Each structure stands twice: as structure tokens, then as C-alpha cells.
Amino acid sequence: MSKTPTDQALFEAAEAIRAKAYAPYSGFNVGAAILADDGKIYAGCNIENAAYPQGNCAEASAIAAMIAGGGKRITRIYVTGPGTAPVTPCGGCRQRIREFADLDIEVISHGVDGEPLIRTLDFLLPYSFGPEYLAK
Ligand code: THU
1 MSKTPTDQAL FEAAEAIRAK AYAPYSGFNV GAAILADDGK IYAGCNIENA
51 AYPQGNCAEA SAIAAMIAGG GKRITRIYVT GPGTAPVTPC GGCRQRIREF
101 ADLDIEVISH GVDGEPLIRT LDFLLPYSFG PEYLAK
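Residue 1 is where the sequence shown starts when you use our numbering, and the numbers rise one by one after that.
Structure below.
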């Protein structure tokens, strides 16, 4: 599959930060790159912890980078990991993405030895709960 220029840049950002992942327990390095509403790319990797539940997913790290860097909304997100199966965001990260994205954004999930899978957030997290439910 040929990638668009944007997806190529997101892929490269995700792969560059994936090399820095701290995943000594799973050995499963993940990278995530967000194209934000400010036109910038924000990236993050997974960061595990000896107390396992305290680990961070790559998507959570990328969202933290976006917010710290001044981005407000996710317009596209690309996740990379090892293997041939698409590395799709975990359930918790789908909800994290939901906080900062419209339902029609595309999430690209890519096990780098295989083909990328492109699905909308709405497809990955149907009937979801979001910030608008709490709007006053
Ligand atoms: N992981 C992510 O960072 N993002 C995903 O989308 C899937 C899983 C991480 C969590 C953990 O550090 C490792 O991959 C194995 O589950």
C-alpha cells in the first residue's frame, strides 16, 4: 500500500519514537504519532513500570505531548508496533483518543511487518461516551 505524505510523516514519527520505548517487561515497543489541529505532529511511546498497571501506552504519551505542546485536537493518529498484525489501540486508549477527537477521524494501526489498517474512531469505539455528555 502506498502511504500519503501525511501518513508517511506520521509513520516515521511513530517509528522514531518507538525506538525509544521503555518496554522491558513485554518487549513490545509501541509508537504513536498524532497530527493535531495546529498542524504539528506529536509522538509518544509506551513506558512500562515494574508495578505493571502503572505503565503508559504510546497513545497516552502522544496525547500528553500534544497537550503539553499546545495542540488541542487529534485529527489523525498513527500507531506502530512489532509484528504483522495491526497494533490497534487498547480499549482505554480508544477512550483517551475520544476525548480529543471527532468520531470520524481515522486511526491507522500498523504492525510494521504487515499492512496498515485504517478505521474511523467511531468504528473502533462504537456508541461511545464523550465530553459532550457532560456539557453544561
Ligand atoms: N501498548 C501500547 O502502548 N499501545 C497499544 O495500542 C497497545 C499496547 C503497550 C502497552 C504495553 O506496554 C505493551 O504495549 C504490551 O501490551
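The C-beta atom is built at its ideal place from N, Cα and C for all residues, glycine as well.
Computed from a prediction, not measured in an experiment: that's the story for all the values here.
Any heavy atom of the ligand THU within less than 6 angstroms of residue CB: hits in chain order = Listed by chain position, these are A23, S26, F28, V30, N46, E48, G55, C57, A58, E59, V79, V87, P89, C90, C93.
Please look up how many angstroms separate the CB atoms of A32 and G44, rounded, as I've assumed it's under 8 angstroms.
-> At roughly 5 angstroms, the Cβ-Cβ gap stays under 8 angstroms, so A32 and G44 are in contact.
Roughly how many angstroms lie between the CA atoms of R98 and S26, to the nearest whole one?
-> One Cα belongs to R98, the other to S26, and the distance between them is close to 26 angstroms.
Reducing DSSP to helix, strand and coil, say where R96 ends up.
-> Helix.
In chain order, which beta strand (DSSP E) runs of at least 3 residues are fully inside the region 16-66?
-> The region 16-66 contains these whole beta strand (DSSP E) runs: 31-36, 41-45.
With a threshold of 16 other CB atoms inside 10 Å of the CB of T4, please say whether the residue is buried or exposed.
-> Sixteen is the threshold: since fewer than 16 other Cβ atoms of the shown chains lie within 10 Å of the Cβ of T4, the residue is exposed.
How many angstroms separate the CA atom of G111 from the CA atom of P131?
-> Between G111 and P131, the alpha-carbon positions lie close to 31 angstroms from each other.
Anyone know if the C-beta pair for T75 and S109 falls short of 8 angstroms?
-> Not a contact, by the Cβ cut-off of 8 angstroms.
When Y127, L103, P86, C90 are compared against I118, the one with the closest alpha-carbon = Considering only alpha carbons, the answer is P86.
Roughly how many angstroms separate the alpha carbons of A9 and L124, rounded to a whole number?
-> Cα to Cα, the separation comes out at about 23 angstroms.
Selection from V30, A16, A50, G70 that minimises the alpha carbon distance to D38 | Selection V30, A16, A50, G70 evaluated against D38 yields G70 as nearest (Cα-Cα).
Own chain partners of S128 with C-beta closer than 6 angstroms, once the 5 adjacent residues on each side are dropped = Closer than 6 angstroms at Cβ, skipping near neighbours: R98.
What are the residues that DSSP puts in a beta bridge with E106?
-> Answer is R76, T120, bridged to E106.
Just tell me which of V79, A68, K40, N49 has its CA closest to the CA of E59.
-> The option with the nearest alpha carbon to E59 is V79.
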